[in-house]
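Structure first, commentary second.
2 protein chains.
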Amino acid sequence: MATNATFARIAALAGDPARAGMLHALMDGRALTASELAGVAGITAQTASSHLARMTDAGLLAVEKQGRHRYHRLASPEVAHMMETIMQVASTLQPSSQRRLTVGPRDAALRAARTCYDHLAGRLGVALADAMVAAGYAELGSDGGILTDAGLGFLGRIGIDVDDLLARRKRPARVLCRPCLDWSERRPHLAGAVGAALCTHSLEKRWVRRLNHTRAVEVTPKGWRVFREEFGAELGSSASS
Amino acid sequence: MATNATFARIAALAGDPARAGMLHALMDGRALTASELAGVAGITAQTASSHLARMTDAGLLAVEKQGRHRYHRLASPEVAHMMETIMQVASTLQPSSQRRLTVGPRDAALRAARTCYDHLAGRLGVALADAMVAAGYAELGSDGGILTDAGLGFLGRIGIDVDDLLARRKRPARVLCRPCLDWSERRPHLAGAVGAALCTHSLEKRWVRRLNHTRAVEVTPKGWRVFREEFGAELGSSASS
DNA sequence: CTAATGCTACGATAGCGAGCGAAGCATCGC
DNA sequence: GCGATGCTTCGCTCGCTATCGTAGCATTAG
Chain A
0 MATNATFARI
10 AALAGDPARA
20 GMLHALMDGR
30 ALTASELAGV
40 AGITAQTASS
50 HLARMTDAGL
60 LAVEKQGRHR
70 YHRLASPEVA
80 HMMETIMQVA
90 STLQPSSQRR
100 LTVGPRDAAL
110 RAARTCYDHL
120 AGRLGVALAD
130 AMVAAGYAEL
140 GSDGGILTDA
150 GLGFLGRIGI
160 DVDDLLARRK
170 RPARVLCRPC
180 LDWSERRPHL
190 AGAVGAALCT
200 HSLEKRWVRR
210 LNHTRAVEVT
220 PKGWRVFREE
230 FGAELGSSAS
240 S
Chain B
0 MATNATFARI
10 AALAGDPARA
20 GMLHALMDGR
30 ALTASELAGV
40 AGITAQTASS
50 HLARMTDAGL
60 LAVEKQGRHR
70 YHRLASPEVA
80 HMMETIMQVA
90 STLQPSSQRR
100 LTVGPRDAAL
110 RAARTCYDHL
120 AGRLGVALAD
130 AMVAAGYAEL
140 GSDGGILTDA
150 GLGFLGRIGI
160 DVDDLLARRK
170 RPARVLCRPC
180 LDWSERRPHL
190 AGAVGAALCT
200 HSLEKRWVRR
210 LNHTRAVEVT
220 PKGWRVFREE
230 FGAELGSSAS
240 S
């Protein structure tokens, strides 16, 4: 069947180290220029251009031209979801002979709190998910998750546009959310429409702030208070650094 | 970070046409011998051996030695899930210039009804999912799905071990199920623990039967009746061929 | 207009890896 | 025991592609 060839094509595109680096850099949901992507991948602009053209042609990336810059972003949430699942499989593999090779300071910040395409991940994401489950706001399982009525009320109370959230769900009567297995914590956190709304709102309200040009985020003092008092989340001191 | 390299490694393994063919053949959840896999991939036994060793080493496959045969299967449901999402992205890509190239008779059977690792897919899978949603037995959204109390009762009524299903869910109070976007129908069908139980039970009760050595399944006369009368599913005549 | 920046197109190189033939190692049937 | 089958290891070839240098095109700054 033709599906076989296209499947291999997509996987092969994600399977090159340079392209994988670019895709990872785009996992924060923002759009980056070709030069920036060449930088994170450690290759020249010419090579990056070729890679980007191929990934765009295959539907993995979308491009937006702005002046002499070309902004590339992941084409769809489906692409981000695909990368999540590949990461999940990859995380079960011990890097063999280089166990704790790369735990630099930047890596530490990523493990503490980061964005995963459109939602929060890392220790922060897991802590928030745990707190919401403990409070009865959400239920998470290996096959999916739901936001309870209490959870819906909670989100409205902290200022999230619940109507928009209700409109975004499709058929089901209850608001569903998606668990996303964290590659660093090996625990599920909130993804899907609920996770995206929570992340957007946290950034807008300045509960968290992006760190320079990475996927890492930092919990602000205000966010620290909100997460503890409103969510009841147990954020160890390590989650802020 | 080291994650980048392992990510690329996993994706690259899935990105070779021969390996992709083998992985697809294993998507029915069964274990196949190295020779069989070499056959479906269209390569010699030597080459297949190399591929299988690498995929096993990377944690994509698990091997079981039985006499002089070596049975290979997908190492985990996570690997199957990863392949689902890659297929989902691949299905959004028009094969460009070869639109309707490969719609052979075998392909037609696959589109009608097939297994997708551990659950039913194709027009049959979608029809059953639609019927269960229409009957109020399940709710499916883009971020997840749940089995209602009525649905739980329904599954028990048709002979599925509901207690086992309840035990398999993890933390949540409700039974969750996972929607799996069908690559041929572009519609969600039932996956996860619920979908797996339904598929296993359908095979045991001879409602469906596997066709030779493919992922395609055939609806038996008995199944035809059960699916129409019990599920209320609208199976067009095309779903049986 | 001119120079600089961002990106792309083309051509050439080099290295990886998919593929197979030959040989070797296990296991089964007899 | 012997041959046959299933699979793996080794060595080799060949094709694909990632990479970069050079050149060229678009856009902006001055």
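If you're matching them up, the sequences are chains A and B in order. Residue 0 is where the first sequence starts when you use numbering that gives the first Met the number 0, and the numbers rise one by one after that. Residue 0 is where the second sequence starts when you use numbering that gives the first Met the number 0, and the numbers rise one by one after that. Note that CB positions come from ideal geometry on N, CA and C, so glycine has one too.
- Judged by DSSP secondary structure, A/Glu-83 falls within the alpha helix (DSSP H) whose first and last residues are 76-90.
- The Cβ atoms of B/Ala-134 and B/Leu-164 do not sit closer than 8 Å to each other.
- Judged by DSSP secondary structure, B/Arg-208 falls within the beta strand (DSSP E) whose first and last residues are 207-209.
- For B/Arg-177, the chain A residues whose Cβ falls inside 8 Å of its Cβ are Asp-142 and Gly-143, in order along the chain.
- Residue-level contact check: B/Ile-159 does not touch chain A, since none of the beta carbons of chain A fall below 8 Å from its beta carbon.
- Around the Cβ of A/Ala-44, a 10 Å sphere holds fewer than 16 other Cβ atoms; the residue is exposed.
- By the criterion of a C-beta distance shorter than 6 Å, B/Ala-79 is surrounded in its chain by Leu-73 and Tyr-116, once the five residues flanking it on both sides are discounted.
- For A/Ala-11 and B/Thr-91, the gap between their C-alpha atoms comes out near 16 Å.
- A residue is called buried when at least 16 other Cβ atoms come within 10 angstroms of its Cβ; A/Gly-66 does not meet this threshold and is exposed.
- Beta bridge pairing from DSSP links B/Gly-144 with B/Leu-139 and B/Cys-176.
- The three-state reading of DSSP puts A/Ala-134 in coil, since its state is none of H, G, I, E or B.
- Look at the beta carbons and you see the region 213-223 of chain A not touching the region 135-152 of chain A: under three pairs across the two are nearer than 8 Å.
- The DSSP-derived three-state label of B/Arg-18 is helix.
- Around the beta carbon of B/Asp-15, a 10 Å sphere encloses 16 or more other beta carbons of the protein chains shown; the residue is thus reported as buried.
- Each residue's CA atom was taken as its position, placing A/Arg-156 and A/Gly-28 some 27 Å apart.
- In the three-state scheme derived from DSSP, where H, G and I count as helix and E and B as strand, B/Glu-35 is classed as helix.
- Apart from sequence neighbours up to five positions away, the residues of its chain that approach B/Ala-40 with a beta-carbon distance below 7 Å are Ala-17, Gly-20, Met-21 and Ala-47, ordered along the chain.
- Distances from the alpha-carbon of B/Glu-63 to those of B/Ala-108, B/Ala-33, B/Gly-38 and B/Leu-154 put B/Ala-33 closest.
- Taking C-beta separations shorter than 6 Å and ignoring five residues to either side along the sequence, the partners of A/Ala-61 in its chain run Arg-72 and Ala-74, following chain order.
- Contact between the region 104-114 of chain A and the region 116-131 of chain B is absent, with fewer than three C-beta pairs closer than 8 Å.
- Inclusion of B/Arg-113 and B/Arg-214 in the CB contact set at 8 Å is warranted, their separation being smaller than that value.
- Secondary structure of A/Thr-46 (DSSP, three-state): helix.
- At least one CB of chain B lies nearer than 8 Å to the CB of A/Asp-15.
- One finds nothing in chain B with a Cβ atom closer than 8 Å to the Cβ of A/Thr-43; even the nearest lies about 19 Å away.
- Only buried fits B/Ala-13, as 16 or more other CB atoms lie within 10 angstroms of its CB.
- Annotated three-state conformation of B/Arg-156 is helix, per DSSP.
- In this structure, A/Met-86 keeps its C-beta atom at 8 Å or more from the C-beta atom of B/Thr-199.
- A/Pro-178 is the residue among A/Gly-158, A/Pro-178 and A/Ile-159 whose C-alpha sits nearest the C-alpha of A/Ala-137.
- According to the DSSP assignment, B/Lys-64 belongs to the beta strand (DSSP E) that extends over 60-65.
- B/Ala-190 sits in a strand when the DSSP states are folded into three classes.
- Residue environment: A/His-23 is assigned as buried (16 or more neighbouring CB atoms within 10 Å of its CB, all protein chains considered).
- Around the beta carbon of A/Ser-201, 16 or more other beta carbons lie within 10 angstroms, which makes this residue buried.
- Between B/Asp-129 and B/Pro-187, the alpha-carbon positions lie close to 9 Å from each other.
- Under the three-state reduction of DSSP output, B/Leu-51 falls in the helix class.
- Counting every other CB atom within 10 Å of its CB across the protein chains shown gives A/Arg-173 a total of 16 or more, marking it as buried.
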